[in-house]
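Protein chains: 2
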Amino acid sequence: MNGIGRRLRPVAKVLPEDGRAHNRSLTLQQLFHAGPVSRADLARTTGLTRVTISDLVASLMSEGLVAEMGVRSEGRVGKPATLVGIRPDAFEIVAVDLTDDASMHGAVLDVSGAVVHRRSTALGGRTGDDAVDVLLDLCRELVALATCPVLGVGVGSPGVIDADGTVVEAPNRGWYDVPLAKQLSAALDLPVHVANDANVAVLGEYTYGGASGSGLLVLTVGQGVGAGIVLDGALVQGHGHAAGEIGHVTAVDERDDAEGTPFGSAELCACGRRGCLETLLSVPALRRRVAGLDRSAADAALAAVGRRLGIVLAPVASALNLFEVVLVGPPDLLDGPLRDAALRTIQERTMPVIGSELRLRMTALGEDGALSGAAVLVLSGQLGVS
Amino acid sequence: MNGIGRRLRPVAKVLPEDGRAHNRSLTLQQLFHAGPVSRADLARTTGLTRVTISDLVASLMSEGLVAEMGVRSEGRVGKPATLVGIRPDAFEIVAVDLTDDASMHGAVLDVSGAVVHRRSTALGGRTGDDAVDVLLDLCRELVALATCPVLGVGVGSPGVIDADGTVVEAPNRGWYDVPLAKQLSAALDLPVHVANDANVAVLGEYTYGGASGSGLLVLTVGQGVGAGIVLDGALVQGHGHAAGEIGHVTAVDERDDAEGTPFGSAELCACGRRGCLETLLSVPALRRRVAGLDRSAADAALAAVGRRLGIVLAPVASALNLFEVVLVGPPDLLDGPLRDAALRTIQERTMPVIGSELRLRMTALGEDGALSGAAVLVLSGQLGVS
DNA sequence: CACATTTGTTAGTAGACCTTCCTTACATAC
DNA sequence: GTATGTAAGGAAGGTCTACTAACAAATGTG
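As they're listed, the protein sequences go chains A and B. Each residue of the first sequence is one higher than the one before, starting from 1 at the first, in the working numbering. Each residue of the second sequence is one higher than the one before, starting from 387 at the first, in the working numbering.
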């Protein structure tokens, strides 16, 4: 078993320098997650020899990415280890979250993923090229705020976005086939990575949320509903880069009136069809549903939505044998009867080996999950680290 | 963009020899699919230089895997190309399909994936170690039939099977934590690969069924219902190696009686719960449902099942942005009202970007799909070819 | 017939990692 | 205090991989 990701069809040649780049990423990965460690530690965890690690670390030091950070103090036998780690001032990352319809939220993050500066811009109804200009100005402002070299810019946006960072369609912004990454990169003279906001969220959760690896689905609940999926250590892209577009799956049928749950008839969705998950689960829909209800009625309403969510997720959880489903959104709406009902429903509707293993929890990242994810986009794209 | 599969976290070191092995597989892959071609052609399609290709081909020739196959006859300018291809007598593959509860079906396949010999063994109710013995005898018989060196043995079995070919659980056979691949390999002194039968089926379809790549789900309908999924060129394993276990998702709720479709109340499933997809879609269930009905009633009954299938698949197709769903099973039951209704239902219940792009078809492979898939398991595991 | 074109090989080079051996620096036993 | 063992890190040399450059062979074209 070699170290090259097991895929069915080998798809491109691998040169020795590609292997080198991979091992460099592997080393950075260790430094990123395990903090300052010695070269010998790196050799042990990566499986490379101390000689090779020394060479790689020397390269990384000459690039200014890592530095020696003193000597390990613990009194062990042998020569004390000199610790190396990623320099805290090696770089900063600019991240922008475009989930909000009305404004753009950006930040400068440091090496550890912590937010250093924040800036937001109201969009004021601008769309299309104008919205790109607003985004560009926000990026320029953030880049100017950075006190270290900027590793790159990461953008999480609603819509269908391909692997090159071209927005295939994002109706809310009026973007259709906009090569956003290329445009921003040219204007800013920096690497720019753009991805769907739900995919960005799952990247953040995968890297910073303590997820243990394979089988993670992150459901983002905001104006709309989206999902991002990481399977076997890779983001699921989908045939048309539209993986995770789960908001417009039918979740309520006309006949569900009869169920006794308070759904009325299947509600008309912005997409033109009826009964989409988004008509139940988006934040506005949930707020509308619980408005004016007393506690127990509101709980029942939320539980009913949770049950619908569970019905939609059960086949997905089964087909993919998911390990964990993570909810991102307002905890007052999601983290209670809704979550409980969803998990219960999934467990009721799947075989034990699937349902009983599955965890369903709220995100471990706070409001900055999207920004962290956009930063991961850059880390992953530029350094191969996540 | 290097040639190493994009995964989020680099997981193991890559040595130059791993790159070599990768490029070797890449070359074999071309030879496998494009038939005999010249070294120069290989250089062009792989991106490696002619020198490197010559070197790789020389290795493969010294291993007896490929051979020169005459000169290209077409009158083009320049030195005529000497064609190289995989030797038809380089190896044969032994494949066994354990999907059938009552017997084991095996075959010897040649390099091109065609069945050369067939053997089956009735199981006679034997389970556990006895069943392993029967399988071992069948394999020995098949290996003896082969006239070329046997590349390896591929086994497709129902149940949950991990990446090492250990059967975690296969209730029908009474296998629990049986290291089947290891046992067979030791007894036969050959490489043995074991995988879930639905996963094997999707491998066969992916390689021989003309699938264009990412986003393929194969649904096998037999005694039970299973699914295998290939995303972005990789088989989905799942957190507990149980990906594709979709047969026991709830597809009929108690209240569905009211729908006017002929489901009675949610039927009791072998798994102990009610309304599982398998209670509708398995071959026995379908035969039972259409028994004694006239044509139009039977069609309506099949369409009703198809609609239920569509409801279950819609969230999966949306979440993964599938390209193609392939049905494996009796065409008289599946390829008609059932398939039509399923596709229509998926399209009704997903947004256009998902549903309108999705294809739903019967397998292009005949009854030997499972055997072909088991052969792919060996090709992929031993040569990196699929 | 001279020449361009294509194929495949030979020779030499650069990169990547390995094994082996060495120095340095510490803890521990005597 | 001295000797010994252990661990970290570096230097030298070797192997493997794929590349570039150059060339011979075989063919079509002007």
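For each residue, glycine too, the CB sits at the ideal point set by N, CA and C.
{"Query": "Chain A within 7 Å of B/Phe418, Cβ atoms only", "Result": "no"}
{"Query": "Per DSSP, cross-strand counterpart(s) of B/Tyr592", "Result": "Partner(s): none; B/Tyr592 has no beta bridge."}
{"Query": "Contact check, B/Gly630 vs B/Gly612, beta carbons under 7 Å", "Result": "yes"}
{"Query": "Cβ distance (whole Å) where B/Val501 is taken to contact B/Leu495 below 8 Å", "Result": "6 Å"}
{"Query": "Anticipated Cβ contact below 8 Å, A/Val192 with A/Leu203, distance rounded", "Result": "Contact doesn't hold; Cβ gap of about 16 Å is too wide."}
{"Query": "Boundaries of the alpha helix (DSSP H) in which B/Glu734 is found, first to last residue", "Result": "Pro723 to Arg735"}
{"Query": "Presumed contact (8 Å Cβ cut-off) between B/Thr749 and B/Val712, rounded CB distance", "Result": "5 Å"}
{"Query": "Counterpart residues of B/Gly492 in DSSP-defined beta bridges", "Result": "B/Val482 and B/Arg505"}
{"Query": "Check: A/Ala266 C-beta below 6 Å from any heavy atom of the ligand ADP", "Result": "Absent from the structure shown: the ligand ADP. Ligands present: none."}
{"Query": "A/Asp294 versus A/Arg344 - alpha carbon distance", "Result": "23 Å"}
{"Query": "Given 8 Å, three or more beta-carbon pairs between the segment 274-291 of chain A and the segment 738-753 of chain B", "Result": "no"}
{"Query": "Alpha-carbon to alpha-carbon, A/Leu320 and B/Asn558", "Result": "22 Å"}
{"Query": "Under 7 Å by beta carbon: chain B residues contacting A/Ala7", "Result": "For the record, residue 7 of chain A in the displayed sequence is Arg; it is not Ala. Those are Gly391, Gly619 and Ala620, listed as they occur along chain B."}
{"Query": "Bridge-paired residues (DSSP) for B/Glu454", "Result": "B/Val470"}
{"Query": "Where A/His105 falls, given that 16 or more other Cβ within 10 Å makes a residue buried", "Result": "buried"}
{"Query": "Neighbourhood of B/Asp487 by C-beta distance below 7 Å, restricted to the same chain and skipping five residues each side", "Result": "Asn558 and Gln609"}
{"Query": "Cβ distance (whole Å) where B/Ala756 is taken to contact B/Asp483 below 8 Å", "Result": "4 Å"}
{"Query": "7 Å Cβ cutoff met for A/Ala314 and B/Val622", "Result": "no"}
{"Query": "Closer than 7 Å to chain A by CB, B/His579", "Result": "no"}
{"Query": "Residue nearest to A/Pro36 in terms of C-alpha spacing, selected from A/Ala300, A/Ala270 and A/Arg72", "Result": "A/Arg72"}
{"Query": "Continuous beta strand (DSSP E) stretch holding A/Arg361: start and end", "Result": "Arg359 to Met362"}
{"Query": "Reference B/Ala686; option with closest CA among B/Gly722, B/Val714 and B/Pro716", "Result": "B/Gly722"}
{"Query": "Chain B within 7 Å of A/Met69, Cβ atoms only", "Result": "no"}
{"Query": "Spatial distance of A/Met69 from A/Leu60 (CA atoms)", "Result": "14 Å"}
{"Query": "Selected residue, minimal CA-CA separation from B/Leu576, among B/Cys525, B/Ile615 and B/Asp583", "Result": "B/Cys525"}
{"Query": "Three-state secondary structure assigned by DSSP to A/Cys139", "Result": "helix"}
{"Query": "CB of B/Gly542 within 7 Å of CB of B/Val586, strictly", "Result": "yes"}
{"Query": "Residues from the segment 724-746 of chain B in contact with chain A, defined by Cβ distance under 8 Å", "Result": "Glu734, Arg735, Thr736, Met737, Val739, Ile740 and Glu743"}
{"Query": "Same chain, Cβ closer than 7 Å to B/Val452, five either side skipped, listed in chain order", "Result": "Leu417, Val443, Leu446, Val470, Gly471, Ile472 and Arg473"}
{"Query": "Endpoints, alpha helix (DSSP H) assigned at A/Thr27", "Result": "Pro16 to Ala34"}
{"Query": "N- and C-terminal bounds of the beta strand (DSSP E) containing B/Asp563", "Result": "Trp561 to Val564"}
{"Query": "Whole-Å CB distance - B/Ala584 paired with B/Val564, under 8 Å assumed", "Result": "Not confirmed; about 19 Å, so no contact."}
{"Query": "Sequence-distant residues of the same chain with beta carbon closer than 6 Å to A/Arg308, five excluded per side", "Result": "Ala251 and Leu280"}
{"Query": "Delimiting residues of the beta strand (DSSP E) encompassing A/Ile229", "Result": "Val225 to Leu231"}
{"Query": "Cα-Cα separation between A/Pro158 and A/Ala170, rounded to whole angstroms", "Result": "6 Å"}
{"Query": "Reference A/Val14; option with closest CA among B/Leu522, B/Lys465, B/Asn409 and B/Pro396", "Result": "B/Asn409"}
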